[in-house]
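The structure under discussion appears below in the form of structure tokens.
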Amino acid sequence: MCDDLAGLRAWDCLVSAHKDGVASMKESGSGTGFEALKTLIADLRKGLIRPVYAFVGEKYFTDRAARKLIDTVVPPAERTWNLERYEGLNVSWQQLWNSLKTPGFGASPKVVWLKDTNIFAGRAESRELVDEVLRDWSNGRRTEAASKLLELLVKAGWEPSKFEASLESSVAADVQVEIFGRQLGGAECREIRNILQFTLDRKSAVASTPDPVDGLMQILSEGLPPRVILLLTTVAADQRGRLWRKIREVGVALQFTVSRERNQALGRDAAAGVVAQIMREHGKRIAPKALDLLVQRAGVDVERLASEVEKLCLWVGDRAEVQPKDVANATADLAESWIFEFTGALSRRDLPTSLRTLYDLLKRGEQPLRLVALIARELRNLLLARECLEFDLAELRSGPKGSATEVVRAAKGSGPGPIGGDDPARSLGRYMSDYGTFSKAVMPRIPAEQLEAFGKAHPFVLFKRFQEALLWGVQDLQKALTELALLEQQLKTSRADARMLLEGFLLRWCSAAKAAVARHRLA
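To convert, count from 1 in the sequence shown and add 5; that's the working numbering.
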């Protein structure tokens, strides 16, 4: 990273930097934009250190800001013992508390970096926590399940022994809702009885799971040891929460946001700012037409755009200026926003929109084989998302879980939307209503192997895919992929007009879907 603070000026167009940002940071410990960051770094160089710093927003910017802070206060030679980093989604909270209470060594401050933390999301809702209890128990994590059940009882004001007595008879529905946030099924009630018995038999060994927010609030209220800094970076934070207010009171909170289009693609100024900053760091400049082309291909992910620009700087070698042909040859088209419009129209069986998008793409010079490959890739991702909704995220459904028979029957038939019938994944729709809900409730529960299968997709791209997946059934997606494979073979082996073949696919797909809808309504 460039050490010259003047280099941060190129980022000013990337963020919502208000004129009062610096004053706000000085007065109340909060601010926005890189002007506030420059003031913060200058204060650190003067020895004006706060106990806690929170950087919220785009991961690319928060990580760079965090590294800038670390570069300023902890020399490389002292980072072995004065820099500790925890991944926020897998942190051992007790280990973190111990780290924060232990002073550093040497002359420099000690920085404890809680990276990509979800602590600002707060305690899980009761209905989500009871799902975790049952899942932990079924997976053999009995002590964890007992701890979480104890947490639920304490939170609702119930003594475990008192609740045990109520289990002798059937637990009233209002009591179930009070404790667990929903009514339990018969099998779930039996499991809860078993977990409670395990809890009472080992009461001395089972402790209620501490709330990370409570623990951090206590540490910040008591005060960290001298020259210990807590650094938190996260994508989003609820600014109404008590932890956010406490950080503003005793430390510094900065937000880094970028302008985006309605389809969540990076705004022109935001993308141009990222490009300008990285070009400056590499001693390069970019021709106006090359910049226009690069901005058009920017997509939604700042990190991926930055990676492409770094690659472009290496591509040109000793040349000082980047030309349009360099952008075309060395970088990937990250935008591809049309794919969502196209698959969305296919999901709705919207023939006019599908054809219009196809004609626009062909007029733009897109190759038919590339279109087929991209559409097939997206449909495969939708199939992964659909299967994830039906199986891996089953615990998010409200009420008793569907039987295995119901899940398998739904997987074999048409999905929700105009064709489908009953579908266990439909109840997950409330988690797909907005990006914030999806990122808090769904993203942490997607298995690591599934995330890896999706590739390095931006979380918003995953959000859109999971939204679209609710409109498809597994059988529908498999049929579409089979047709696309046949279409690809025809494009490669015949002299048929590519436009007519693509039109035929769209006509067959949308017409067959509408016929199925009509049959479904008459049945």
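Every residue, glycine too, gets a C-beta built ideally from N, C-alpha and C. Here the structure is a predicted model, which means the values were calculated and not measured.
- Where G62 is concerned, the enclosing beta strand (DSSP E) starts and stops at V57 to G62.
- In the structure shown, the three-state DSSP call for F510 is helix.
- In this structure, the alpha-carbon of H287 lies about 7 Å from that of C318.
- DSSP places Q99 in the uninterrupted alpha helix (DSSP H) bounded by W98 to L105.
- Residue burial is scored here from C-beta neighbours: N334 has fewer than 16 other C-beta atoms within 10 angstroms and is therefore classed as exposed.
- In chain order, V138, D141, W142 and I200 place their CB closer than 6 Å to the CB of A150, counting only its own chain and leaving out the 5 sequence neighbours on each side.
- Around the beta-carbon of L512, fewer than 16 other beta-carbon atoms lie within 10 Å, marking it exposed.
- Membership of K115 in the beta strand (DSSP E) is indicated by the continuous run K115 to K120.
- Scanning T204, P114 and A192 for the CA closest to the CA of E156 turns up T204.
- Annotation: F261 is outside any alpha helix (DSSP H); the continuous beta strand (DSSP E) that includes it extends over V257 to F261.
- Under DSSP, R90 shares a beta bridge with W118.
- Close CB contacts of M505 within its chain, under the 6 Å cut and outside five residues either way in sequence, are absent.
- The beta carbon of A59 sits closer than 6 Å to those of L237, I252 and A258, all from its chain and outside the five residues before and after it, given in chain order.
- Counting along the chain, no beta strand (DSSP E) covers T336, and no H or E run does either.
- For I197, the enclosing alpha helix (DSSP H) covers residues G191 to D206.
- Secondary structure at R500: coil, using DSSP grouped into helix, strand and coil.
- For V233, the enclosing beta strand (DSSP E) begins and ends at V233 to T239.
- Partner residues in the beta bridge of I291, as assigned by DSSP, are V327.
- The alpha-carbon of A71 is positioned some 44 Å away from that of P373.
- Distances from the CA of Q328 to each of Q455, L384 and I291 were compared; the closest alpha carbon is that of I291.
- Ranked by Cα distance from L158, the options R146, L134 and R69 are led by L134.
- Cβ-Cβ distances below 7 Å link T77 to I46, L49 and R50 in the same chain, with the five nearest sequence neighbours on each side left out; the list follows chain order.
- Between the alpha carbons of D365 and P357 lies a distance of about 12 Å.
- Inter-residue distance for G191 and W86 is about 53 Å (C-alpha atoms, whole angstroms).
- Excluding the 5 residues flanking it on each side, R265 has same chain C-beta neighbours closer than 8 Å at L271, G272, A275 and V305, in chain order.
- With fewer than 16 other Cβ atoms from the protein chains shown falling within 10 Å of its own Cβ, K368 counts as exposed.
- With fewer than 16 other CB atoms across the displayed protein chains lying within 10 angstroms of its CB, T498 is exposed.
- Within the DSSP secondary-structure output, R265 pairs in a beta bridge with L271.
- The beta carbons of A390 and A281 sit no closer together than 7 Å.
- Taking a C-beta distance under 7 Å as the contact criterion, Q472 and M437 qualify as a contact pair.
- Note that the C-beta distance between I75 and V117 is not below 7 Å.
- The three-state secondary structure of W320, taken from DSSP, is helix.
- With contacts defined by Cβ atoms closer than 7 Å, L360 and L482 do not form a contacting pair.
- In this structure, R450 lies away from N386, with their beta-carbon atoms at least 7 Å apart.
- Taking C-beta atoms as the reference points, G256 and V57 count as a pair closer than 7 Å.
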